[in-house]
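Engineer: After the structure tokens below, expect a handful of questions from me.
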Amino acid sequence: MKLINKPSQLRSLLSLFCSILLLLELAFVAAEDPYRFFDWTITYGDIYPLGVKQQGILINGQFPGPEIYSVTNDNLIINVHNNLTEPFLLSWNGVQQRRNSYQDGVYGTTCPIPPGKNFTYTLQVKDQIGSFFYFPSLAFHKAAGGFGAIKILSRPRIPVPFPDPAGDFSLLIGDWYQINHKKLQSVLDFGHRLPFPQAVLINGRPSGTTFTVEQGKTYRLRISNVGLQNTLNFRIQGHDMKLVEVEGTHTIQTTYSSLDVHVGQSYSVLITVDQAPKDYYIVVSTRFTNKILTSTAILHYSNSQQSVFGPIPSGPTTQIDWSIKQARSIRTNLTASGPRPNPQGSYHYGLINISRTITLVSSTAQVNKKQRYAVNSVSFTPADTPLKLADYFNIGGIFQVGSIPDSPSGRPMYLDTSVMGADFRAFVEVVFQNHENIIQSWHIDGYSFWVVGMDGGVWTPNSRNQYNLRDAVSRSTTQVNS
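Reading the sequence shown from the start, the letters are residues -31 to -1, 1 to 451 in mature numbering (1 follows the signal peptide of the UniProt record, and there is no 0).
Right, here's the structure in full:
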């Protein structure tokens, strides 16, 4: 054994050791995915979207809330301070929660943030790209604001199936009520359905929002319906839209003159501003309603020589078949990369054996004189203990797996903390069935699914003969027609 007994040798060894530690630390940092930190304060504040004072929910004083900008695989650390007078939760619409459901922000999986307290959400947008949004998931808070856009960009080395746009705009569209959100909730509690809204908003305003563009360039618009109950049609005067992405999936680049955006859905389109240098209407209007509500924004050419004028471009109104046909036309671009360099079509979902079929049928009724909605006759009622905690600590009596059946039972509506069990990594077929006289949106939190079929009437096993098992779009929210 050779001992080091000279100070110079000891200093050299320590220097070498520190250098190795530094290199290891740098290598670890370089290998770890980036972190983005957000600090949000939730408050009530006065807002005036319809020209009269309303109580709105603000995030850092903003309505709508701040945009989340991120890149594939980023870690998002979002510290939320609840300065409201009641519990609060945020949910991340369309963001996949891989073994991370306790960060999803819905009642049952996540503890509400008590008044005066804070909670830090830790999310990783692992293997994701695309356009999404966040919103409050408790107590009708969504009707007062608290929502905002989420952008997940591709990593620089991953090819995107279109040139970089000159600009990237988020448009949050949705129906809006002048009635306070607490009064809206009381409408249901007194056994009534929600009334018709008073307006449609674009980024928190019924009109006047302006997007400035340079003639001859191409821009990306990310459109999300953050409303409560109405499908909206989106169009731009004198400009077609090329669809390029839907909730994290690059699509076949089909051109549309207008798009139906159902509640909870998000779309990315490209527009080339190659018309005469003036201002143009951006139009959003309700679909499938007797009374049509319309909102406008302005597409402003930077060299514009004329303000918007003339009639607002009309759109489709009650044509359900038109909407279904458009939805069926949205398909996955199989040769384009997604969040990874391999093509999206390299995963052949149509060849995987289905292990289970789940049929979910909606219904509405009054229970205890309150307006309730149910799936397979079960209207969810929350437990006092969050289900994830009860499951983790094996607390009995909180919920029962299988308390909601895989198919309609035919029973009258009843209340229960409905929990459906599933096998890890199972591949299941889910059928959404709508017996109401409205267009519904169905969403699965933390997951995406392939929309392989869509039609009117009642689903039967023969419906599988019409499935798209090759290039159906993968998304988290789909419309279900009556």
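Cβ coordinates follow ideal geometry from the N, Cα and C atoms, glycine included.
As a quick exercise: from M382, A108, T200, pick the residue whose alpha carbon is nearest that of S235.
Structural biologist: Selected option, being the one with the closest Cα: T200.
Engineer: Going by DSSP in three states, I98 sits in which element: helix, strand or coil?
Structural biologist: Coil at I98, not helix or strand.
Engineer: Can the beta-carbon of F314 be found less than 7 Å from the beta-carbon of E214?
Structural biologist: Phe is not the amino acid found at residue 314; the sequence shown has Gly there. Going by C-beta atoms, G314 is not nearer than 7 Å to E214.
Engineer: Using 10 angstroms around the beta-carbon of V370, count the other beta-carbons present and answer buried if the total reaches 16, otherwise exposed.
Structural biologist: V370 comes out exposed.
Engineer: Check L197 in the structure and name its three-state DSSP category.
Structural biologist: Here L197 sits in coil by DSSP.
Engineer: Mind listing, in chain order, the continuous beta strand (DSSP E) runs of no fewer than 3 residues lying wholly within the stretch 340 to 371?
Structural biologist: Counting whole runs of 3 or more residues, the stretch 340 to 371 contains the beta strand (DSSP E) stretches 347 to 349.
Engineer: Hey, out of P130, F116, G115, whose CA is closest to L122's CA?
Structural biologist: Residue P130 is the option with its Cα nearest to L122.
Engineer: Can you tell which of F362, I119, F159 has its C-alpha closest to the C-alpha of Q335?
Structural biologist: Residue F159 is the option with its Cα nearest to Q335.
Engineer: Can the beta-carbon of L140 be found closer than 7 Å to that of Q340?
Structural biologist: Not a contact, by the Cβ cut-off of 7 Å.
Engineer: Tell me, please, which residues DSSP counts as bridged to G25.
Structural biologist: DSSP output for G25 lists G14 as bridge partner(s).
Engineer: Give, in chain order, every unbroken run of the alpha helix (DSSP H) that is at least 4 residues long and sits entirely within the stretch 161 to 209.
Structural biologist: Taking only runs of at least 4 residues, no alpha helix (DSSP H) segment lies wholly in the stretch 161 to 209.
Engineer: Quick one: what does DSSP say Q435 is sitting in, helix, strand or coil?
Structural biologist: Three-state result, Q435: helix.
Engineer: Is it right to say P430 is buried, meaning 16 or more other beta carbons lie within 10 angstroms of its own, or is it exposed?
Structural biologist: Under this definition P430 is an exposed residue.
Engineer: By how many angstroms is the C-alpha of T326 removed from the C-alpha of S432?
Structural biologist: Answer to the nearest angstrom: the Cα atoms are 13 Å apart.
Engineer: Please report how far the alpha carbon of G25 lies from the alpha carbon of Q147, in whole angstroms.
Structural biologist: The straight-line gap from Cα to Cα measures roughly 11 Å.
Engineer: Between which two residues does the alpha helix (DSSP H) carrying K120 extend?
Structural biologist: No alpha helix (DSSP H) contains K120, which is instead part of the beta strand (DSSP E) from 117 to 122.
Engineer: Looking at the C-beta of G207, does it have a partner C-beta in chain D at a distance below 7 Å?
Structural biologist: Among the chains of the structure shown, chain D does not appear; only one protein chain is present.
Engineer: Who are the near neighbours of I281 in its chain, counting only those whose CB is closer than 7 Å to its CB and skipping five residues on each side?
Structural biologist: Y250, V252, T263, T265, listed in sequence order.
Engineer: With DSSP as the reference, label Q93 as helix, strand or coil.
Structural biologist: In the structure shown, Q93 sits in a strand (DSSP, three-state: E or B).
Engineer: Identify every run of the beta strand (DSSP E) within the stretch 25 to 91, keeping only runs that are complete inside it and at least 3 residues long; order them along the chain.
Structural biologist: 37 to 40, 44 to 51, 59 to 62, all fully within the stretch 25 to 91.
Engineer: Could you work out which residue in G426, H219, R124, L228 is closest to I142 when comparing CA atoms only?
Structural biologist: Comparing Cα positions, the closest option is L228.
Engineer: Helix, strand or coil for V289 per DSSP?
Structural biologist: Rather than Val, the amino acid found at residue 289 in this sequence is Ile. Three-state result, I289: helix.
Engineer: Which whole-angstrom value is the C-beta distance of S410 and T446, which I expect to be below 8 Å?
Structural biologist: So it is a contact: roughly 6 Å between Cβ atoms.
Engineer: Could you pull out every residue in the same chain whose Cβ sits closer than 6 Å to the Cβ of W419, ignoring the five residues on either side in sequence?
Structural biologist: Same-chain partners within the cutoff: Y318, A441, S443.
Engineer: Quick check for students: name the residue ranges of the alpha helix (DSSP H) that lie wholly in the stretch 289 to 318, counting only runs of 4 or more.
Structural biologist: The stretch 289 to 318 contains these whole alpha helix (DSSP H) runs: 289 to 298.
Engineer: Between the alpha carbons of T220 and I299, how many angstroms are there, rounded?
Structural biologist: Between T220 and I299, the C-alpha separation is close to 7 Å.
Engineer: Alpha carbon to alpha carbon, how far is F109 from P381? Give it in angstroms, no decimals.
Structural biologist: Between P381 and F109, the C-alpha separation is close to 26 Å.
Engineer: Between the C-alpha atoms of G74 and N403, what's the straight-line distance to the nearest angstrom?
Structural biologist: One C-alpha to the other measures close to 26 Å.
Engineer: I think I373 touches V347, with their Cβ atoms under 8 Å apart; what is that distance to the nearest whole Å?
Structural biologist: With a Cβ gap of about 5 Å, I373 and V347 count as contacting.
Engineer: Thinking C-alpha only, which one of T224, D209, D243 is nearest G185?
Structural biologist: Of the candidates T224, D209, D243, the one whose C-alpha sits nearest the C-alpha of G185 is D243.
Engineer: Spatial neighbours of P175 within its chain, please: C-beta separation below 6 Å, excluding the five flanking residues on both sides.
Structural biologist: Hits under 6 Å: A168, S264.
Engineer: Can you tell which of T218, N337, T187, D375 has the C-alpha that lies nearest to the C-alpha of N302?
Structural biologist: Nearest C-alpha to N302: T218.
Engineer: Taking the C-alpha atoms as reference points, what is the distance between L(-6) and D2?
Structural biologist: Model confidence at L(-6) stands at a pLDDT of 37, short of 50, so the residue's coordinates are unreliable; what they give is reported in the following sentence. When rounded, the distance between both Cα atoms is 13 Å.
Engineer: Please report the Cβ distance between G117 and F102, rounded to the nearest whole angstrom; I am assuming they are in contact, meaning their Cβ atoms lie under 8 Å.
Structural biologist: Confirmed, Cβ separation roughly 6 Å.
Engineer: Here's the rule I'm using: 16 or more other beta-carbon atoms within 10 Å means buried, otherwise exposed. How should T223 be labelled?
Structural biologist: The residue is exposed, with fewer than 16 neighbouring Cβ atoms inside 10 Å.
Engineer: Please classify F396: is it buried, with 16 or more other beta-carbons within 10 angstroms of its beta-carbon, or exposed?
Structural biologist: So F396 counts as exposed.
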